[in-house]
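K.L.:
The working numbering numbers the first residue of the sequence shown as 2 and each following residue consecutively. Even for Gly, the Cβ is constructed at its ideal location relative to N, Cα and C.
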Amino acid sequence: MPGKYVQISWRRVAIVTGLISATALLSGCNAMKRLSEVGEPPKLSSIDNPTQSESYRPVSLPMPAPQVAESNPNSLWRSGARSFFKDQRANQVGDILTVVVEMSDNANLSNNTLRSRTNSEDLGVPNLFGLESEFTKVLPEGLDPTNALNMSSNSSNRGNGTLDRTEAINLRVAAIVIQILPNGNYVIHGRQEIRVNSEVREVQIAGVIRAADISSANEVGYDKIAEARISYGGRGTISDVQQPRYGSEVLDIILPF
């Protein structure tokens with residue numbers, strides 16, 4: 002018996018060790034980084050070239066056949082320009098333009114579902130090739146052939162769902178042209194960080210735009226961005242309180258109820 006208790010004890014130690022290891026893997030370097038910043042406001046990220054990031058992948062999209070530009074001899078007008086002077090809009094890698102995000106989204110959805118079903122089955126076998134009398138030999142209490150089987154079922158389901166959502170975002174973010182596609186479209190990427198006390202608000206914008214959609218003020222609306230990726234979030238003391246712990250997230254994923 003003592004050996005059995007020792008075996009169970011070691012098993013518990015192994016389970017606890019596994020849970021601690023899983024928690025450490027989930028937290029990773031982020032937990033160590035957060036511990037090193039205890040008592041200090043979160044640090045702003047350094048300004049880096051996004052194309053040098055390990056996760057960066059050049060955009061590859063279907064492209065039309067290239068077109069040869071026609072030259073206009075003895076003409077002061079340049080193709081694609083909006084004036085006789087140099088176009089000040091972004092037109093090459095490294096140029097900056099402003100992305101205007103004015104988003105107002107309202108959604109209201111209500112759904113009611115009611116389902117009810119009642120089944121009843123009666124089965125009788127008055128005559129079965131003259132063998133209906135033989136049932137009494139198998140069943141001691143006997144059998145009434147006219148009422149051999151009687152089944153009934155009743156089910157009812159009802160569901161109600163309501164969705165009421167209102168979102169409004171108004172901001173302007175400067176973005177950089179990081180790639181020019183073969184058809185002349187621009188791949189842009191912009192990031193903005195604002196720290197207030199111990200909370201950092203981060204805005205990221207990425208996508209593909211047409212050169213013709215850039216206004217004379219060197220601005221482009223968010224609705225003109227293809228494959229748009231707009232992220233608005235934060236990190237710091239307030240975000241830590243609002244975000245559930247790793248253990249709660251794991252339990253929410255694996256628990257079936």
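Are three or more beta carbon pairs between the stretch 231 to 249 and the stretch 109 to 123 nearer than 8 Å?
P.N.:
no
K.L.:
State the Cα-Cα distance for the pair Asp123 and Gln244, rounded to the nearest angstrom.
P.N.:
Here residue 123 is taken as the residue at index 122 of the sequence shown, counted from 1. Here residue 244 is taken as the residue at index 243 of the sequence shown, counted from 1. When rounded, the distance between both Cα atoms is 58 Å.
K.L.:
What span of residues does the beta strand (DSSP E) with Tyr233 cover, start to end?
P.N.:
Looking up residue 233 in the sequence shown gives position 232. Element bounds for Tyr233: Ala227 to Gly237.
K.L.:
Determine the direct distance from the alpha carbon of Asn92 to that of Asn112, and round the result to whole angstroms.
P.N.:
Within the sequence shown, the letter at position 111 stands for residue 112. Within the sequence shown, the letter at position 91 stands for residue 92. In a straight line, the C-alpha of Asn112 is about 49 Å away from that of Asn92.
K.L.:
Output needed for Pro183: all residues of its chain with C-beta closer than 6 Å, excluding positions within five of it in sequence on either side, in chain order.
P.N.:
Here residue 183 corresponds to residue number 182 of the sequence shown, with the count starting at 1. Cβ within range, chain order: Met64.
K.L.:
Starting from the Cα of Thr167, find the closest Cα among Ala108, Val197 and Tyr187 and give me that residue.
P.N.:
Stepping through the sequence shown from its first residue, residue 167 is reached at position 166. Among Ala108, Val197 and Tyr187, the Cα nearest to that of Thr167 belongs to Ala108.
K.L.:
Quick check on the DSSP output: the beta strand (DSSP E) that includes Ile210 runs from which residue to which?
P.N.:
By one-based count along the sequence shown, residue 210 stands at place 209. Residues Glu200 to Ile210.
K.L.:
Consult DSSP for Gly222 and reduce its assignment to one of helix, strand or coil.
P.N.:
Translated into positions along the sequence shown, residue 222 becomes position 221. In this structure, Gly222 counts as strand in the three-state DSSP scheme.
K.L.:
In angstroms with no decimal places, state the Cα-to-Cα distance between Ser54 and Asn161.
P.N.:
Here residue 54 corresponds to residue number 53 of the sequence shown, with the count starting at 1. Here residue 161 corresponds to residue number 160 of the sequence shown, with the count starting at 1. Taking the Cα positions, Ser54 is about 47 Å away from Asn161.
K.L.:
Quick check on the burial criterion: 16 or more other C-beta atoms within 10 angstroms. Buried or exposed for Leu98?
P.N.:
Within the sequence shown, the letter at position 97 stands for residue 98. It counts as buried.
K.L.:
Quick one: grab the DSSP three-state call for Val251.
P.N.:
One-based indexing of the sequence shown puts residue 251 at position 250. Of the three classes helix, strand and coil, the one that applies to Val251 here is helix, per DSSP.
K.L.:
By how many angstroms is the C-alpha of Met33 removed from the C-alpha of Ser249?
P.N.:
As a first step, residue 249 is located in the sequence shown; it is residue number 248 there, counting from the start. As a first step, residue 33 is located in the sequence shown; it is residue number 32 there, counting from the start. Each residue's alpha carbon lies about 19 Å from the other.
K.L.:
May I ask which residues mark the beginning and end of the beta strand (DSSP E) holding Ile215?
P.N.:
Along the sequence shown, read from residue 1 onward, the residue named residue 215 stands at position 214. Note, Ile215: premise wrong, no beta strand (DSSP E); not H, not E.
K.L.:
Can you tell me which residues form a DSSP beta bridge with Val1?
P.N.:
Nothing about residue 1 can be read from this structure; the chain reaches only from 2 to 258.
K.L.:
Are the beta-carbon atoms of Val221 and Ile210 separated by less than 7 Å?
P.N.:
Taking the sequence shown and counting its residues from 1, the one referred to as residue 221 is at position 220. Taking the sequence shown and counting its residues from 1, the one referred to as residue 210 is at position 209. Yes. Within cutoff.
K.L.:
Compare the beta carbon distance of Ile254 and Arg90 with 7 Å and say whether it is the shorter of the two.
P.N.:
Counting from 1 along the sequence shown, the entry for residue 254 is found at position 253. Counting from 1 along the sequence shown, the entry for residue 90 is found at position 89. Taking 7 Å as the Cβ cut-off, Ile254 and Arg90 do not qualify as a contacting pair.
K.L.:
Distance, Cα to Cα, Tyr6 vs Tyr247?
P.N.:
The count along the sequence shown starts at 1 and reaches residue 6 at position 5. The count along the sequence shown starts at 1 and reaches residue 247 at position 246. Its pLDDT being 45, under 50, Tyr6 is placed unreliably by the model, and nothing is read from it.
K.L.:
Going by the beta-carbon positions, is the gap between Val188 and Val60 smaller than 7 Å?
P.N.:
In the sequence shown, residue 188 corresponds to position 187, counting from 1. In the sequence shown, residue 60 corresponds to position 59, counting from 1. Yes, the Cβ-Cβ distance between Val188 and Val60 is below 7 Å.
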